[in-house]
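Heads up: the structure comes next, in structure tokens.
In the working numbering, the protein residues as written are 15 to 945.
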């Protein structure tokens, strides 16, 4: 029975201790396996070595159970070491169950929860190595695990008794890559972690810490499953580097803003744990720790390993520490030598060794474990309290107060304002009586019924523009522990009829903050250094509402929720089966609206089966399909491919007796080159993941090959992602010398340049090729000769166009609304109004009097913001976001918004997909008329 229960958790038990009581065998020192002490200067242990040691000690110690939480992107096992007292190890199922009950808070009374908290053990998650070039933490994991298995001092004994520690290796693939790369040179002085040739996660590199709510990458999904569906740790410690200059480490508390959806207690507790960590370091004479204003980190953004936990009522700790196996220097920064409340104990400039950083990390980890031990019952009970509070809020009228609602109160107060006479304390922060407004506005404005938080969200199964994409959205929720119900029969609620199969996401669940954050818009404060000054750059993006990005159709229920329906038990492996509609034998008509139609298209092209786009809308069996519907003649392999797609991809196919009337575009198999560079482009990596998901064949292309020319012989399409010319306006990262690299990596060196690369791209396009540029790479359009200019510029005194300053225009990663021409082949399958992801990207206008460009999507409002933060957004109005350009015999497509942003804005993928398939069909064809 116990084995069955463990199997049900999804954890694969790999090694378990054999001892039932106190340890009777010696626990192997890591040096015996690694041959060098982890933490030594000029040494990094790789994942394979660490796992070999973990497997050995898991057979020797009764304090550890080693489990795999799943496979990585490259196929390695991702291990988690569970460490506690021998008695606790024998009763892990019980303590995991208590942790789950308290976190979900379902059906418990306060008294029952207190009893469970008294019986339970605090569960603490400590992960290491997520960003694999941040090498301190994975090496410190080895030392800390060894100490927890061997030390017998009172503190360690108490921690083992009171807690269950989950020690997670967050990026096994990257740990092997970086350690092996660093150890490669025999000359220790030449060892470096800064010159790895590829991303340290197969597809997304550093963005593996931006994937937590979407949960696209396997390592993310593994960790989400362990954290929010199986173990429910009360505290999560996500370790990073590097520390702010002139210091050693950043530790919470965090700066504002914090996300208004979060349970207040989660922020209080995070601050308390962070303060305990600072105090432990200071008590030991370890200076150089800073908080709040010492670094840019906040609790606003949901998508990181640490931050997603806040939306699950989990204490989340981030540290950013200095350190390298190659000794380094702490520099002298005068301002950092002045103690403040955000950095009470400074540190002198000095030479710094690897072990010093590891000592800090171990003490910070022990501070968290000590806090969890000393406050075990409180930590456990408060997890229940937060879940209980959220369930209560989700079952009654409640409001989330955001900056826009405060602005509404202030606006309403203006007409009611009376001179109150003031106070002697008015000039003291927090005591200004002039800030007082009538209390009646609390009810009439802040608790205006119109602005209540929804009690539930209903996703009508028959109203989704792209049902398979909606299923992917629901899977993102399920992977993060959100409960999703599916109606097993039709139902009516609020006077509206919903079909059987519709999905319901209720707010009366413990993880309500996450539910709201995925469906509702983020309202980020207007955050400036001072009045009239520059904006304060956020830690990450500010608006990301996933339901908006994925164009999910849903109803917000404010007055209550429908009856309960069966809970979706696990991740939905395939979307609801499609249908073959009709019995005609001439062929099939398939809507362009589903992204999965491109999987079907690519399978047909791979098989050499004819496939066309219908350029006009068509009505089939009473259903109106927009321009771009697929026409697939019957015969050959087409029938089998279509039937398989209908069953597995959620696609409907209309079997018709004759080809629909009107013009068509015949598609052909295309040779796509996806541009990358040495070290790896994250945006290009996401593009690789998307191309593979939708079965687009592609080849990675590097600058040296581009500069040689002759590109038409090998490629029909070249794709330049948003960061391949440099990230966020910064120049490309410096690359190593070819002589220092193995021969296999030398062809990947080089940069895309105006001098060498652009002339070859221009020649490629004029000879019939297609260039697709995304985001920041769209500046290639003007450099290649398209008559466009960046519309978010002004002309200076010298006549030169210069970007608008951030004091006039600033949109740091937000969801905006744009207009689209769905009759244009670049926009086939996309609705006329689309939520897009935008991150201070250029937008475009045509040079007056010039031909050859056509806008396909544009901003059509002074206020396009849907979610996030936008300053000066009026400047976007009437500027183009997607441009169709003709150059010689070929095409240049500018996709200025982030159409593949972290794999999330699914409808925007179609701009890229359509461009890749349509461009080659237009080689030598005249330009479409300008709009």
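We put the CB at the ideal spot given by N, CA and C, even for glycine. As the structure is a computational prediction, the values presented were derived from the model and not from experiment.
Boundaries of the beta strand (DSSP E) in which residue i is found, first to last residue
i	result
residue 831	828–834
residue 152	That residue, residue 152, is in no beta strand (DSSP E); its alpha helix (DSSP H) goes 150–164.
residue 766	Here residue 766 belongs to no beta strand (DSSP E), and DSSP marks it neither H nor E.
residue 859	858–860
residue 377	Residue 377 -> not in any beta strand (DSSP E); alpha helix (DSSP H) instead, spanning 368–388.
residue 809	807–809
residue 131	Taken as a continuous stretch (DSSP letters only), residue 131 belongs to no beta strand (DSSP E), being part of the alpha helix (DSSP H) at 124–133.
residue 334	329–335
residue 788	784–788
Contact check, residue i vs residue j, beta carbons under 8 Å
i	j	result
residue 496	residue 528	yes
residue 636	residue 481	no
residue 314	residue 553	yes
residue 417	residue 820	no
residue 666	residue 605	yes
residue 840	residue 920	no
residue 103	residue 79	yes
residue 253	residue 333	yes
residue 501	residue 579	yes
residue 321	residue 682	no
residue 709	residue 593	no
residue 323	residue 330	yes
residue 498	residue 361	no
residue 473	residue 566	yes
residue 856	residue 804	yes
residue 77	residue 100	yes
residue 335	residue 464	no
residue 216	residue 87	yes
residue 340	residue 243	no
residue 788	residue 909	yes
Where the alpha helix (DSSP H) containing residue i begins and where it ends
i	result
residue 294	278–297
residue 75	Note, residue 75: premise wrong, no alpha helix (DSSP H); not H, not E.
residue 611	611–620
residue 195	186–197
residue 601	Counting along the chain, residue 601 falls outside any alpha helix (DSSP H), though it belongs to the beta strand (DSSP E) covering 601–604.
residue 704	696–707
residue 662	652–662
residue 489	481–493
residue 111	106–118
residue 582	Neither: residue 582 is in no alpha helix (DSSP H) and is coded neither H nor E.
For residue j and residue i, believed in contact at Cβ under 8 Å, the rounded distance
i	j	result
residue 476	residue 513	5 Å
residue 879	residue 830	6 Å
residue 545	residue 517	In fact, because the Cβ distance is near 46 Å, the residues do not count as touching under 8 Å.
residue 556	residue 697	Not a contact, Cβ separation roughly 19 Å.
residue 659	residue 614	4 Å
residue 270	residue 307	Wrong, their Cβ atoms sit about 10 Å apart, outside the cutoff.
residue 627	residue 644	7 Å
residue 493	residue 415	Contact flag wrong, Cβ pair sits at about 29 Å.
residue 898	residue 870	5 Å
residue 732	residue 783	7 Å
residue 760	residue 225	With 8 Å as the limit, residue 760 and residue 225 do not qualify as a contact, their Cβ atoms being about 31 Å apart.
Residues bridged to residue i [DSSP beta-bridge criterion]
i	result
residue 569	472
residue 303	263
residue 542	549
residue 714	688
residue 517	473, 500
residue 537	882
residue 667	594
residue 804	858
residue 138	179, 249
Check whether the segment 523–542 touches the segment 797–816, taking contact to mean three or more Cβ pairs, one atom from each stretch, closer than 8 Å. no
Do the segment 389–405 and the segment 121–133 make contact, defined as three or more Cβ pairs closer than 8 Å? yes
Count the C-beta pairs between the segment 700–711 and the segment 742–755 that are closer than 8 Å, then say yes if the count reaches three, no if not. no
Would you call the segment 406–421 and the segment 435–443 touching, i.e. three or more CB-CB distances under 8 Å? no
Three or more C-beta pairs closer than 8 Å, one from the segment 192–204 and one from the segment 283–294: is that the case here? no
Kindly confirm or deny that the segment 167–183 and the segment 268–282 touch, where touching means at least three C-beta pairs closer than 8 Å. no
Taking contact to mean at least 3 C-beta pairs separated by less than 8 Å, is the segment 748–760 in contact with the segment 769–778? no
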